[in-house]
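K.L.:
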Amino acid sequence: MLVAIGMTAVAAIIAITITSSSLYAVGYTTATRSGVQAQAAAGAGIDYAAARLATSACLAAYPAVPAVSEPFFTVSVWSSLLTASATGDVDTSWVSGCPTSASFKRVKLISTGSAKTPGLVGNASGNKRKIEAIYPYIPTPPTWITASGAAIYSFSQTDSTINNLDINSTGGTPATIQYLSGSASCTSGSTIHGSVILGQGGASLASNCLIDGDLYASGSVDLQNAKVTGNVSADSGTYPSVSLSNAATVQGNISAGGAVLVQGAGGGNVIAGPAAGVTKITGSVAGSVVVAGTVNNTGSVLGTITKNKTGIVAPVIPFVPGWVDYPYALGDWTPGGFTEFLMADCSDAGFVSAMSTVLASSTPKVLNGLACGPGGLDFTKLSPTQTLTSNVAIIATSFNLGGNDFVSSNSAQKNMWLISPDRGVAGNLVANQLPDCPAGGAFKMANHVTVSSRVNALIYSPCTITNSADVWQGQIYAAGTKTANAFTLNYVPIGIPGVNLSEGTTTPGGGLPGTGVLGARTAIRNINVS
1406 MLVAIGMTAV
1416 AAIIAITITS
1426 SSLYAVGYTT
1436 ATRSGVQAQA
1446 AAGAGIDYAA
1456 ARLATSACLA
1466 AYPAVPAVSE
1476 PFFTVSVWSS
1486 LLTASATGDV
1496 DTSWVSGCPT
1506 SASFKRVKLI
1516 STGSAKTPGL
1526 VGNASGNKRK
1536 IEAIYPYIPT
1546 PPTWITASGA
1556 AIYSFSQTDS
1566 TINNLDINST
1576 GGTPATIQYL
1586 SGSASCTSGS
1596 TIHGSVILGQ
1606 GGASLASNCL
1616 IDGDLYASGS
1626 VDLQNAKVTG
1636 NVSADSGTYP
1646 SVSLSNAATV
1656 QGNISAGGAV
1666 LVQGAGGGNV
1676 IAGPAAGVTK
1686 ITGSVAGSVV
1696 VAGTVNNTGS
1706 VLGTITKNKT
1716 GIVAPVIPFV
1726 PGWVDYPYAL
1736 GDWTPGGFTE
1746 FLMADCSDAG
1756 FVSAMSTVLA
1766 SSTPKVLNGL
1776 ACGPGGLDFT
1786 KLSPTQTLTS
1796 NVAIIATSFN
1806 LGGNDFVSSN
1816 SAQKNMWLIS
1826 PDRGVAGNLV
1836 ANQLPDCPAG
1846 GAFKMANHVT
1856 VSSRVNALIY
1866 SPCTITNSAD
1876 VWQGQIYAAG
1886 TKTANAFTLN
1896 YVPIGIPGVN
1906 LSEGTTTPGG
1916 GLPGTGVLGA
1926 RTAIRNINVS
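The opening residue of the sequence shown carries number 1406 in my numbering; numbering runs sequentially from there.
Right, dumping it as structure tokens:
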């Protein structure tokens, strides 16, 4: 009996030992598994947050919408005012959240990863892992304005006539004329050092007109006594989609939606289609000819001729942005250091006094003349020469420039904005993406208005701009522009705060604190899970 009792006790001890060992093994194994999962999740959180910080403004925590199933991670962002070399082993300047100014020097990401399968038998040691990574922080300088937009942008160019227009690029960015709607007809000598894009219109060039760039049109293109140094594209399928007279030259390629007529000289290839028809060549083509229809060639083609080609796609006209409504808000200008001078006296003497005050300011000024109503501001009441001491923005319903010269007080470049806000129908702030010229609104430039090489000036007007024998440096953005009179534009992109004129979009929040880039990671480690 004693022997049996002893053996039973020994068996019980063995059973307990085996069970304990098994439970420990299960707990250890599952804890190891959960630890691997949690570690991977925490590491993924570091990579995720760093990638997001590289492409967008900082958030205090990632992801913005927490996950609801495991494994998942949560990442908190911390900022330090000190560099790594200044901290030694201890940095007490860390604060929770994104860097809010250029004073911050480092960013710390703390990622907590959770396992998908928790440890069993009460072993939770691997359920969570926490990783800390530190990066140098390089703040992005505040950008309150985007230098964007064409040399001349017209929403609807009702007057197609171009006479003695001279467009030059002086700011390093190629000049472009953009008509969202409307055609261009050059009937007297003009030189455009840049490209012309007609989003909804055709082109007719004669009288030694020169486009020193590319010409794009949605309608047909007729080149008479004219020259294009770049490419010519027209997506019209109506014959002739592109026509070159005996005295016309295109140095680049000709792309057309339909058959073309080449009596002059083409310096590149000719591609015509998908609309079929007879492409006629009595002049010369320095490249090859590929058409969806047939070819009647009595001229000279140096390359090959391919007829009845399938799969030709009509040329795509470059993007011309839609109209951007700009109603004017002082807050758009304050990041650029501007303060406002609000006109209360709209008499001639009041305007002269206001301009004297604004132009003499050593800091940027906005002259708000909206209270002067439809009559706007009459610059003929000012002295012929207006000297800018700092950057100036002038806001008014209407402008009448009368032979004024705008110059800089010294060798430093100054910027000037002349803006007639688009306040919407009946004066309401309606963002309808249409130029709403107010009743009585106008923008007039009389003879010989001149903007000097030390001043860059932008015109924004929901009305049509008239001009005569003027010389402008900067850019024009308007409902339409009269180019029948002689006009010289030396293009420099300037832009409007809060607006991207090249894309036709508003850009609120530019230069907000917390934007910047992370440098190469300087430290990464596991830390205790609290």
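For glycine and all other residues, C-beta sits at the position ideal for the given N, C-alpha and C.
Could you work out which residue in Thr1578, Ser1586, Ser1600 is closest to Ser1565 when comparing CA atoms only?
P.N.:
Looking at the Cα atoms, Ser1586 is the closest of the given residues.
K.L.:
Runs of 4 residues minimum, wholly inside the segment 1502-1587: which ones carry the alpha helix (DSSP H) assignment?
P.N.:
Listed in chain order, nothing qualifies, since the segment 1502-1587 has no complete alpha helix (DSSP H) run of 4 or more residues.
K.L.:
Within the same chain, show all residues whose beta-carbon is closer than 6 Å to that of Ser1481, passing over the 5 residues directly before and after it, in chain order.
P.N.:
Same-chain partners within the cutoff: Ala1466, Ile1515.
K.L.:
Alpha carbon to alpha carbon, what distance is there between Gly1736 and Asn1890?
P.N.:
So the alpha carbons of these two residues sit roughly 37 Å apart.
K.L.:
Would DSSP call Ser1873 helix, strand or coil?
P.N.:
Three-state result, Ser1873: strand.
K.L.:
Where does Gly1915 sit, in a helix, a strand or coil, going by DSSP?
P.N.:
Bear in mind that a pLDDT of 40 at Gly1915, under 50, signals an unreliable position, so the number given afterwards is only what the model happens to contain. Here Gly1915 sits in coil by DSSP.
K.L.:
Could you give the distance in angstroms between the alpha-carbon of Pro1504 and the alpha-carbon of Asn1528?
P.N.:
So the alpha carbons of these two residues sit roughly 39 Å apart.
K.L.:
Considering only the beta carbon of each residue, do Ile1717 and Val1696 sit closer than 9 Å?
P.N.:
Closer than 9 Å, so yes.
K.L.:
Give me whichever residues DSSP pairs with Met1850 in a beta bridge.
P.N.:
In DSSP, Met1850 forms a bridge with Leu1806.
K.L.:
Opposite Ser1935 in the DSSP bridges: which residues?
P.N.:
Its beta-bridge partners do not exist; DSSP assigns none.
K.L.:
With distance defined between alpha-carbon atoms, name the residue in Tyr1896, Ser1795, Ser1935, Phe1746 nearest to Gly1937.
P.N.:
No answer is possible for residue 1937: it lies beyond the span of the chain, which begins at 1406 and ends at 1935.
K.L.:
Keeping to the same chain, check which residues put their C-beta closer than 6 Å to that of Ala1680; ignore five residues upstream and five downstream.
P.N.:
Closer than 6 Å at the Cβ level, and outside the excluded window around Ala1680, lie Gly1642, Gly1662, Gly1663.
K.L.:
Tell me which residue opens and which closes the alpha helix (DSSP H) that Asp1753 is part of.
P.N.:
First-last of the alpha helix (DSSP H) with Asp1753: 1753-1765.
K.L.:
In the DSSP assignment, find the unbroken beta strand (DSSP E) run with Ser1858 in it and report its ends.
P.N.:
No beta strand (DSSP E) contains Ser1858, which DSSP labels as neither H nor E.
K.L.:
Please confirm if the segment 1857-1866 is in contact with the segment 1876-1884, defined as three or more CB-CB distances below 8 Å between the two stretches.
P.N.:
Judged by Cβ distances under 8 Å, the segment 1857-1866 makes contact with the segment 1876-1884, as three or more pairs qualify.
K.L.:
If you run the structure through DSSP and keep just helix, strand and coil, what is Tyr1731?
P.N.:
Coil, per DSSP.
K.L.:
Around the C-beta of Arg1534, are 16 or more other C-beta atoms found within 10 angstroms, so that it is buried, or is it exposed?
P.N.:
Classification of Arg1534: buried, given that the 10 Å Cβ count is 16 or more.
K.L.:
For Thr1911, which of Cys1868, Thr1699, Leu1615, Asp1730 has the nearest alpha-carbon?
P.N.:
The shortest Cα separation from Thr1911 among Cys1868, Thr1699, Leu1615, Asp1730 belongs to Asp1730.
K.L.:
Compare the C-alpha of Gln1838 against each of Asn1852, Ala1925, Ala1883 and name the closest.
P.N.:
When each option's Cα is compared against that of Gln1838, the closest is Ala1883.
K.L.:
Can you tell which of Gln1791, Ser1814, Ser1816 has the C-alpha that lies nearest to the C-alpha of Leu1806?
P.N.:
When each option's Cα is compared against that of Leu1806, the closest is Gln1791.
K.L.:
Once the 5 residues before and after Thr1762 are set aside, which same chain residues still bring their CB inside 7 Å of it?
P.N.:
These residues qualify, in order along the chain: Phe1746.
K.L.:
Residues in its own chain within less than 8 Å of Gly1755 by CB, not counting five upstream and five downstream?
P.N.:
Counting only Cβ-Cβ distances below 8 Å, and skipping sequence neighbours, we find Met1748, Ala1749.
K.L.:
Buried or exposed, going by whether 16 or more other CB atoms sit within 10 Å of the CB of Asp1640?
P.N.:
By the neighbour-count rule (16 or more Cβ atoms within 10 Å), Asp1640 is buried.
K.L.:
Straight-line CA distance for Asn1852 to Asn1872?
P.N.:
Cα to Cα, Asn1852 sits roughly 7 Å from Asn1872.
K.L.:
Rounded to whole angstroms, what's the CA-CA distance from Leu1649 to Ser1506? Just pull it up for me.
P.N.:
Their Cα atoms are separated by approximately 59 Å.
K.L.:
Give me the Cα-Cα distance between Arg1926 and Phe1477, rounded to the nearest whole angstrom.
P.N.:
The alpha-carbon atoms of Arg1926 and Phe1477 are separated by roughly 23 Å.
K.L.:
Can you pull the DSSP bridge partners for Ser1600?
P.N.:
DSSP, once it has assigned bridges, lists Thr1581 as partnering Ser1600.
K.L.:
Using CA coordinates, which residue listed in Gly1845, Leu1486, Gly1727, Ile1597 is at the minimum distance from Pro1779?
P.N.:
Pro1779 has its Cα closest to that of Gly1845, out of Gly1845, Leu1486, Gly1727, Ile1597.
K.L.:
Leaving aside the five residues before and after Leu1666 along the sequence, list all residues of the same chain whose C-beta is less than 6 Å from its C-beta, in chain order.
P.N.:
Cβ neighbours of Leu1666 beyond the five flanking positions: Pro1645, Ser1648, Lys1685.
K.L.:
In angstroms with no decimal places, state the Cα-to-Cα distance between Leu1923 and Ala1817.
P.N.:
Going by the C-alpha atoms only, they are around 34 Å apart.
K.L.:
Whose C-beta lies closer than 7 Å to the C-beta of Trp1738 among residues of the same chain, with five residues either side of it excluded?
P.N.:
Counting only Cβ-Cβ distances below 7 Å, and skipping sequence neighbours, we find Val1771, Ala1798, Pro1902.
K.L.:
Leaving out the 5 sequence neighbours to the left and right, which residues in its chain are closer than 8 Å to Asp1783 when beta-carbon positions are compared?
P.N.:
Cβ within range, chain order: Asp1753, Phe1756, Asn1805, Gly1807.
K.L.:
Can you tell me whether Gly1924 is helix, strand or coil according to DSSP?
P.N.:
In this structure, Gly1924 counts as coil in the three-state DSSP scheme.
K.L.:
When we look at the beta-carbon of Pro1789 and count the other beta-carbons within 10 Å, is it buried (16 or more) or exposed?
P.N.:
Exposed: under 16 other Cβ atoms inside 10 Å.
K.L.:
Using the DSSP secondary-structure output, state which residues sit across from Ala1958 in a beta bridge.
P.N.:
The requested residue 1958 is not part of the displayed model; the chain covers only 1406 to 1935.
K.L.:
Buried or exposed for Thr1581, going by 16 or more other Cβ atoms inside 10 Å?
P.N.:
Thr1581 is buried by the Cβ-count criterion.
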